[in-house]
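Report on the following structure.
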Amino acid sequence: MTRAKRHPPPRRSFAARLIAWQHAHGRHDLPWQRTRDAYRIWLSEIMLQQTQVATVIPYYDRFVASFPDVRALAAASLDRVLERWSGLGYYRRAHHLHAAAKAIVERHGGVFPCDAQTIATLPGVGRSTAAAIAAFAFGARGAILDGNVRRLLARHRGIAGYPGEPKVERALWQQAEMLLPDRDIEAYTQALMDLGATICTRAAPRCLECPVAFECIARREDRIAELPSPRPRKMLPQRAVRVLVIERAGAILFEKRPAAGIWAGLWSLPEIAIDGDVARQCKVRFATDVVTGEALPPIEHGFTHFRLTIHPQRISVRKWPARAEAPGLVWLTRDDALAAALPAPIKALIRRV
Ligand code: SF4
Numbered sequence: 014m015t016r017a018k019r020h021p022p023p024r025r026s027f028a029a030r031l032i033a034w035q036h037a038h039g040r041h042d043l044p045w046q047r048t049r050d051a052y053r054i055w056l057s058e059i060m061l062q063q064t065q066v067a068t069v070i071p072y073y074d075r076f077v078a079s080f081p082d083v084r085a086l087a088a089a090s091l092d093r094v095l096e097r098w099s100g101l102g103y104y105r106r107a108h109h110l111h112a113a114a115k116a117i118v119e120r121h122g123g124v125f126p127c128d129a130q131t132i133a134t135l136p137g138v139g140r141s142t143a144a145a146i147a148a149f150a151f152g153a154r155g156a157i158l159d160g161n162v163r164r165l166l167a168r169h170r171g172i173a174g175y176p177g178e179p180k181v182e183r184a185l186w187q188q189a190e191m192l193l194p195d196r197d198i199e200a201y202t203q204a205l206m207d208l209g210a211t212i213c214t215r216a217a218p219r220c221l222e223c224p225v226a227f228e229c230i231a232r233r234e235d236r237i238a239e240l241p242s243p244r245p246r247k248m249l250p251q252r253a254v255r256v257l258v259i260e261r262a263g264a265i266l267f268e269k270r271p272a273a274g275i276w277a278g279l280w281s282l283p284e285i286a287i288d289g290d291v292a293r294q295c296k297v298r299f300a301t302d303v304v305t306g307e308a309l310p311p312i313e314h315g316f317t318h319f320r321l322t323i324h325p326q327r328i329s330v331r332k333w334p335a336r337a338e339a340p341g342l343v344w345l346t347r348d349d350a351l352a353a354a355l356p357a358p359i360k361a362l363i364r365r366v
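For the sequence shown, the numbering used here begins at 14 and goes up steadily by one.
If you want it as structure tokens, here you go:
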């Protein structure tokens with residue numbers, strides 16, 4: 014934690030100091046800041062959920078090059094969208110983008126809605142994201158409360174409790190609305206995001222550089238490390254699955270995931286039950302004899318509601334019967350697989366085999 018030296022008492026409002034800070038120190042040259050195109054701003058806001066700016070930039074450029082407007086995205090196949098998203102993770106976002114693009118074409122004639130309330134009805138767009146899009150694209154005045162802003166406000170206003178709890182969330186929204194400026198909403202919104210991401214960071218906030226340090230309650234009361242309160246710990250259920258790395262003539266067999274559930278619509282490795290004989294399960298599943306190879310080290314992967322242990326098993330086959338081919342199966346070389354839309358832990362596994 015950084016203990017600040019004495020900051021002079023502020024003569025300007027919280028918002029005015031943030032806006033001035035943004036003009037002097039904030040980020041101005043990100044690809045999605047050079048446009049008023051709501052489609053591109055929406056895209057960047059969705060990509061930036063759970064992903065850092067530096068990671069997002071090349072994906073954003075690639076995505077915009079493939080789908081330059083909302084109609085192009087709506088007309089694309091989901092497979093193509095997932096392929097362009099591949100590597101960014103949290104694929105539910107790509108499903109939502111695609112569904113929302115279709116909704117914009119069907120319900121709004123291909124024109125991106127301009128008010129936050131309507132934007133918030135699109136799949137995958139919450140209240141904070143809708144307000145950010147409306148601010149950046151249309152200059153609309155509205156409060157945001159993404160993860161970084163929650164942390165910043167919880168500390169600055171001294172709001173204890175886990176921000177995911179409705180009571181705490183309500184208190185944070187109230188503060189976010191109360192602090193809104195009457196004008197310069199784009200610079201203010203960007204300032205909140207940048208300050209939360211670069212100064213009021215989770216582990217080591219740089220309070221000496223913070224434009225609103227003077228009246229920060231957490232800093233004054235030495236509570237920075239305890240705010241915001243962490244999510245109450247609960248034990249997540251543990252699941253396990255065996256995945257098959259079936260190799261034949263330089264290619265690996267992949268299976269399309271169901272349209273709903275985890276990793277929906279992505280290509281992944283075929284799964285079998287963790288218990289039971291591997292060769293026998295393969296015989297039942299693919300009607301062929303296999304040679305069971307090495308069991309590779311297990312991979313741990315966390316989902317919001319459970320933890321998954323993936324046990325990869327190498328398999329080789331000499332003959333692959335025509336009747337084992339199915340529309341949801343495909344043989345890919347390692348390079349093609351790495352370019353396809355695979356779940357992150359499966360992609361990491363393929364890189365190693
Ligand atoms: S709001 Fe500013 S002063 Fe307060 S903890 Fe964050 S960086 Fe430090």
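A virtual CB, placed ideally from N, CA and C, is assigned to each residue, including glycine.
Here the distance from the Cβ of R232 to the nearest heavy atom of the ligand SF4 is below 6 Å. Taking 7 Å as the cut-off, the Cβ atoms of Y175 and R244 count as close. Looking at the DSSP output, F316 sits in no beta bridge, so it has no partner there.
Residue range 304 to 308 is occupied by the beta strand (DSSP E) that includes V304.
A253 is bridged by DSSP to T322.
Just so you know, the alpha carbons of Q294 and W98 end up roughly 33 Å apart.
At the C-beta level, G100 and L165 stay beyond 7 Å of one another. Counting along the chain, A292 sits inside the alpha helix (DSSP H) bounded by residues 291 to 299.
With fewer than 16 other Cβ atoms inside 10 Å of its own Cβ, S26 counts as exposed. Spatial neighbours of L345 in its own chain (CB-CB distance under 7 Å, excluding positions within 5 residues in sequence) are listed in chain order as A264, I265, F267, A353. Non-local C-beta neighbours of I212 in its own chain, meaning closer than 6 Å and more than five positions away in sequence, comprise R219, E222, C223, ordered along the chain.
DSSP, read as helix, strand or coil, puts W280 in strand. Assigned with DSSP and collapsed to three states, S242 falls in coil, not helix or strand. Between L110 and I59, the CB-CB gap stays under 7 Å.
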